[in-house]
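Residue numbers (numbering that gives the first Met the number 0), protein chains in the order written: chain A, 0 to 500; chain B, 0 to 258. Ideal Cβ positions, reconstructed from N, Cα and C, are used throughout, including at glycine. What follows is one structure encoded as structure tokens, with my remarks underneath.
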Amino acid sequence: MTATEQPRRDKDGRLTPAPPEWTTRPAAPFPEAAVKGLENQVQRANLRHATGTIRAKRARVVAEVDNWQDLRSAGEAIKNRTLRHLDQHLVTLEESLTKAGATVHWARDAADANRIIVDLVKATGEQEVTKVKSMVTQEIGMNEALEEAGIAAWETDLAELIVQLGHDFPSHILVPAIHRNRGEIREIFREEMGVYGTPAPEGLSEQPAELAGAARTHLRNKFLRTKVAISGANFAVAETGTLVVVESEGNGRMNLTLPETLISVVGIEKVLPTVEDLEVFLRLLPRSSTGERMNPYTSMWTGPSAGDGPQDVHVILLDNGRTNALADPKGREALRCIRCSACLNICPVYERVGGHAYGSVYPGPIGAILNPQLRGVENPIDKSLPFASSLCGACNEVCPVKIPISDLLVHERHRVVEEKKRHQLNQFEPAMMKAASWVMADHKHLEAAGTASSLAGKLLPIRTIGPLPGPLSRWTQNRDVPMVPAQTFRQWWKENHDERA
Amino acid sequence: MTSPSSTGLPGAGKTVALFATCANDVMFPDTPKAVVTLLERLGCRVVFPEEQTCCGQVFTNTGYYPEALPSVKTYVKAFSDYDYVVGPSGSCVGAVRHQHAMLAEEAGDHGLAREATAVAARTFDISEFLVNVLGVTDVGAYFPHRVTYHPTCHSMRVAKVGDAPLQLLRAVRGLQLIELEFAEQCCGFGGTFSLKNPDVSRAMVNDKARHVMDTGAEYLVTGDNLCALNISGVIHRNRGGVKPIHLAEILARTEGGNQ
Ligand code: SF4
């Protein structure tokens with residue numbers, strides 16, 4: 000293979016591997032989707048191992064920083080301040096970017112953004128683009144939009160490449176192929192690389208170095224050939240018009256420097272007012288995400304620079320629901336997220352089901368609050384996500400920008416329930432809750448309920464309740480429940496203690 | 000009222016309102032009974048305001064804010080006259096402190112929010128009350144058994160009881176405390192979570208139950224009976240033999256005592 004090879008089509012006539020089916024048709028609500036993840040034993044073992052390792056590493060390096068809690072507070076404060084005046088900062092950002100020679104585009108939603116991107120790539124006459132990891136391009140389904148327009152978009156982050164070649168979808172914010180092990184990766188490389196570009200070398204083993212070598216060769220040929228790159232950004236500095244990408248492989252830097260045209264898609268919440276603000280986040284991010292003291296590559300660019308790197312630089316500022324989130328003073332807190340993935344790695348639910356169950360590029364605890372904020376609570380997936388948590392609160396403690404994730408989960412649940420009541424959906428649960436609320440409103444009601452249950456305790460000659468029918472079977476499928484006692488505390492107090500008090 | 004014999008005891012002169020919590024009242028009466036025994040032994044005068052019902056968190060956490068409000072009002076009414084409100088549940092105490100004022104604010108009732116904040120500030124989990132308010136860790140308990148302790152999520156992260164339960168357990172005579180692996184990971188109960196996401200909940204509780212059984216302890220100690228019910232339900236099904244017990248029930252037992 001040479002650097003001049005042209006994009007080719009697979010047996011289905013596609014330029015890039017088809018994504019998994021569920022990304023193109025509506026996925027199931029969380030409880031159902033979770034079952035698939037739970038049943039995948041290989042994935043479960045991989046996840047347990049991987050999240051456990053990152054979790055321990057994070058805890059270790061965070062403990063090294065004396066003022067970690069102050070840093071978190073600083074991160075929280077900067078983001079809050081910025082979000083409060085987001086409109087002004089965005090105007091400043093646009094001015095600075097334009098002054099630096101970049102072209103700024105505004106995109107209201109996914110369709111808008113994809114149209115702009117397809118037009119920009121078409122104008123270059125190229126049929127192939129490389130990408131540096133950008134979740135926002137996944138959020139808008141850009142790869143598929145480009146495929147439809149006859150343009151092949153290639154992931155260049157190693158893990159993203161594994162996911163793409165595996166006809167798969169990322170299941171983690173930072174470690175997209177976390178659910179795969181080395182054996183699986185080797186198979187994917189052997190089977191798929193040759194279909195779309197430089198094949199994997201003969202006799203490829205499971206050794207990480209060999210796998211990385213195969214990816215390097217495969218990718219290098221794409222880097223050397225493509226003239227257009229697409230990136231995201233971790234941060235966008237308003238005062239200077241500087242975009243920042245933080246990564247660990249250097250492939251991002253290849254994308255940012257080799258091509259002639261660079262298109263960056265940036266969510267509007269990524270803006271920071273000043274370069275000084277970066278300091279806080281460049282310290283918070285690597286420790287929270289990969290448990291590193293510092294990330295290996297931090298690239299910053301401010302428009303094109305003459306004779307060096309891409310000369311045609313575009314920045315697409317994307318809303319896609321972010322202003323909805325901004326309009327909700329509580330929900331807005333989710334926009335502080337810097338996508339470090341610490342909350343995923345600590346989450347006991349995520350650890351068992353994996354990222355695909357969340358039906359979005361944003362999985363885990365942050366996904367469970369961000370998706371309903373961005374997309375609303377109307378569709379069945381987004382309705383189910385706020386309930387995809389036991390509210391254990393482990394995520395709150397690790398979030399570097401102090402997003403009160405459990406409080407926001409409860410807030411989103413409230414929104415879902417209000418919606419349910421408005422549309423008179425599923426009247427069973429609201430009716431139950433109303434009845435229970437009545438019981439708790441007055442102790443006399445509770446006493447009556449207590450008497451009824453203790454009566455059952457008196458009359459039934461059993462000590463343990465085994466499998467139950469109906470909705471309670473969900474509980475008793477693997478758990479025994481002790482029989483209610485024959486006397487409530489209240490009854491006991493009345494009989495034994497009242498007069499002494 | 001302090002009887003002469005109790006002067007000099009750490010709880011002397013303190014009246015404590017017992018918040019039994021609805022689940023303990025109906026399903027686990029031995030736990031609030033143990034709290035009464037324990038507090039009285041330490042010299043406190045214990046009262047049980049009978050207007051009390053529930054902390055309301057099952058409503059709040061399922062998204063039913065208006066339905067939770069009656070519980071907030073009832074709680075404030077039942078307990079606003081007392082300097083100390085003590086409950087045997089980190090979860091319920093956490094809900095009182097963390098959610099009551101928020102619910103009142105959401106309902107636009109600023110007066111109630113103010114009152115709720117004031118009562119919440121005087122509400123304690125039994126372990127914190129003993130260690131932080133009464134300043135005792137050795138409550139004179141005797142429990143000659145091997146136990147392991149699961150710090151329930153809401154005790155740990157909402158009520159933030161810290162290591163008070165461990166301090167108390169370490170001072171119990173005859174007790175052997177065995178460390179629990181992955182102790183800080185959730186047991187998967189989460190109130191209605193276990194009904195809404197039964198499969199995930201099952202996966203979580205099965206792991207937790209296995210770790211508990213691996214300790215070889217005779218008892219699983221918690222500060223929240225519902226989490227214990229969740230875990231011990233699996234253990235019982237698997238004939239695992241580790242019995243659940245509330246921290247207060249251990250602390251209430253004395254050598255030769257009747258508890
Ligand atoms: S919510 Fe917090 S912990 Fe989770 S990814 Fe975002 S910044 Fe990281």
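Identify, in the order they occur along the chain, each residue of the same chain with its Cβ nearer than 8 Å to the Cβ of residue i, setting aside the five sequence neighbours on each side.
| i | result |
| --- | --- |
| Val211 (chain B) | Thr147, His149, Leu179, Leu219, Ile230, Ile234, Gly239 and Val241 |
| Ile249 (chain B) | Ala140, Phe142, Val146, Leu168, Val171, Leu174, Tyr218 and Val220 |
List the endpoints of the continuous alpha helix (DSSP H) containing residue i.
| i | result |
| --- | --- |
| Arg114 (chain A) | Ala109 to Thr123 |
| His210 (chain B) | Pro197 to Asp213 |
| Thr301 (chain A) | Segment: none, Thr301 (chain A) is in no alpha helix (DSSP H) and carries neither H nor E. |
| His109 (chain B) | His109 to Ala120 |
| Pro364 (chain A) | Gly363 to Arg374 |
| Pro285 (chain A) | Val274 to Ser288 |
| Phe234 (chain A) | That residue, Phe234 (chain A), is in no alpha helix (DSSP H); its beta strand (DSSP E) goes Phe234 to Val236. |
| Lys78 (chain A) | Trp67 to Arg83 |
Compute the beta-carbon to beta-carbon distance between residue i and residue j, rounded to the nearest angstrom, for a pair I have assumed lies under 8 Å.
| i | j | result |
| --- | --- | --- |
| Arg338 (chain A) | Met192 (chain A) | At roughly 28 Å, the Cβ-Cβ gap does not stay under 8 Å, so Arg338 (chain A) and Met192 (chain A) are not in contact. |
| Thr289 (chain A) | Ser247 (chain A) | 7 Å |
| Val265 (chain A) | Leu281 (chain A) | Not confirmed; about 17 Å, so no contact. |
| Lys329 (chain A) | Ala228 (chain A) | Not a contact, Cβ separation roughly 38 Å. |
| Ala247 (chain B) | Leu37 (chain B) | 6 Å |
| Leu496 (chain A) | Gly62 (chain B) | Looking at the sequence provided, one finds His at residue 496 (chain A) rather than Leu. Between Gly62 (chain B) and His496 (chain A) the Cβ distance is about 37 Å, and since that is not below 8 Å, they are no contact. |
| Asn142 (chain A) | Thr260 (chain A) | About 17 Å; that fails the 8 Å criterion. |
Does the separation of the CB atoms of residue i and residue j fall below 9 Å?
| i | j | result |
| --- | --- | --- |
| Glu411 (chain A) | Pro385 (chain A) | yes |
| Val314 (chain A) | Ala49 (chain A) | no |
| Val352 (chain A) | Gly12 (chain A) | no |
| Arg172 (chain B) | Ala140 (chain B) | yes |
| Phe142 (chain B) | Leu165 (chain B) | no |
| Arg286 (chain A) | Pro364 (chain A) | no |
| Ala33 (chain A) | Val199 (chain B) | yes |
| Asp318 (chain A) | Ala106 (chain A) | yes |
| Cys394 (chain A) | Ile464 (chain A) | no |
| Val95 (chain B) | Glu127 (chain B) | no |
| Ser79 (chain B) | Ala22 (chain B) | no |
| Ile161 (chain A) | Val128 (chain A) | no |
| Phe222 (chain A) | Thr322 (chain A) | no |
| Ala176 (chain A) | Arg189 (chain A) | no |
| Ser383 (chain A) | Pro30 (chain A) | yes |
Alpha carbon to alpha carbon, how far is residue i from residue j?
| i | j | result |
| --- | --- | --- |
| Glu146 (chain A) | His171 (chain A) | 24 Å |
| Pro19 (chain A) | Asn39 (chain A) | 16 Å |
| His109 (chain B) | Ala103 (chain B) | 7 Å |
| Gly302 (chain A) | Thr123 (chain A) | 18 Å |
| Pro403 (chain A) | Cys391 (chain A) | 12 Å |
| Phe47 (chain B) | Leu17 (chain B) | 5 Å |
| Glu238 (chain A) | Leu373 (chain A) | 27 Å |
| Thr191 (chain B) | Thr214 (chain B) | 28 Å |
| Met155 (chain B) | Ala163 (chain B) | 10 Å |
| Val245 (chain A) | Ala202 (chain B) | 35 Å |
| Arg489 (chain A) | Ser452 (chain A) | 13 Å |
| Ala208 (chain A) | Arg43 (chain A) | 25 Å |
| Glu350 (chain A) | Asn180 (chain A) | 15 Å |
Within the same chain, show all residues whose beta-carbon is closer than 6 Å to that of residue i, passing over the 5 residues directly before and after it, in chain order.
| i | result |
| --- | --- |
| Glu494 (chain A) | none |
| Cys43 (chain B) | Gly10, Lys13 and Val15 |
| Glu254 (chain B) | Tyr141 |
| Leu334 (chain A) | Leu82, Glu268 and Ala324 |
| Ala208 (chain B) | Ile230, Val233 and Ile234 |
| Arg252 (chain A) | Tyr296 and Ser298 |
| Val118 (chain B) | Val75, Phe78 and Ser79 |
CB of residue i to nearest heavy atom of ligand 3: below 8 Å?
| i | result |
| --- | --- |
| Arg156 (chain B) | For the structure depicted, ligand 3 is absent and the ligand set comprises only ligand 1. |
Which same chain residues end up closer than 7 Å to residue i when comparing Cβ atoms and leaving out the 5 residues on each side of it in sequence?
| i | result |
| --- | --- |
| Val92 (chain B) | Gly86, Thr122, Phe123, Asp124 and Ala158 |
| Gln98 (chain B) | Gln56 and Thr59 |
| Leu277 (chain A) | Phe234, Val236, Val243 and Leu271 |
| Glu50 (chain B) | Thr73, Lys76 and Ala77 |
| Ala214 (chain A) | Leu157 and Leu160 |
| Ala99 (chain A) | Gly240, Thr301 and Gly302 |
| Leu46 (chain A) | Ile177, His178, Glu350 and Gly353 |
With respect to the beta strand (DSSP E) encompassing residue i, which residues constitute its N-terminal and C-terminal limits?
| i | result |
| --- | --- |
| Gln347 (chain A) | Here residue 347 (chain A) is Pro; the residue named in the question, Gln, does not match the sequence. Looking at the DSSP string, Pro347 (chain A) is not in any beta strand (DSSP E); the run it does join, the alpha helix (DSSP H), is Pro347 to Val352. |
| Gln175 (chain B) | Gln175 to Ile177 |
| Asn242 (chain B) | Checking the sequence shown, residue 242 (chain B) turns out to be Lys, not Asn. Element bounds for Lys242 (chain B): Lys242 to His245. |
| Glu246 (chain A) | Thr241 to Glu246 |
| Asp311 (chain A) | Asp311 to Leu317 |
| Val415 (chain A) | Unbroken run through Val415 (chain A) is the alpha helix (DSSP H), Ile404 to Arg421; no beta strand (DSSP E). |
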